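I have placed the structure first, in the form of structure tokens, so that the comments after it can refer back to it.
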Amino acid sequence: DDNSYIYAYGSLPMMNFKHCPNKTFGIKCGDCKEKTIIGDRKYNYDIIRTKLRACYHTLYNPVTINLSKHRPDFNIYLNMLNRGALEISDIIFAFKNGQICSDGVSVYTAGHYSRGVF
């Protein structure tokens, strides 16, 4: 289908919060930052404020999806959240040429793409 896209690059949103997770850490809502990082024994997770007024937040997967070397034969979606202009041009170049992105991210995953799930 021409209207379908495959998520080919970026950090997948894992969870949305309708409350301020910073309150859990004792931070007042007025002192809230745009980005909070929480961690467990394995990863650091980014929590980014998506709406200021209602205080919505989104938790993102710490491992970046990257299908640049697979050259998917579909319409692709590239999530450039928190990427600079040079990183964006490197990512687009890598996808056009079937190379691995050299954007400074050290851990990538292809998700379930190699298993035929996308």
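With the numbering used here, the residue at position 84 of the sequence shown is 84, and numbering never jumps. Where a beta carbon is used, it is the ideal one built from N, C-alpha and C, also for glycine. All figures in this text were calculated on a predicted structure; none of them were measured in a lab.
- Within 10 angstroms of the beta-carbon of A54 lie fewer than 16 other beta-carbons, which makes it exposed.
- Relative to Y45, the option among N61, E34 and Y56 whose CA is nearest is N61.
- The alpha-carbon of I48 is positioned some 11 Å away from that of I38.
- Exposed is the label assigned to H19, since fewer than 16 other Cβ atoms lie within 10 Å of its Cβ.
- For N97 and M80, the gap between their C-alpha atoms comes out near 18 Å.
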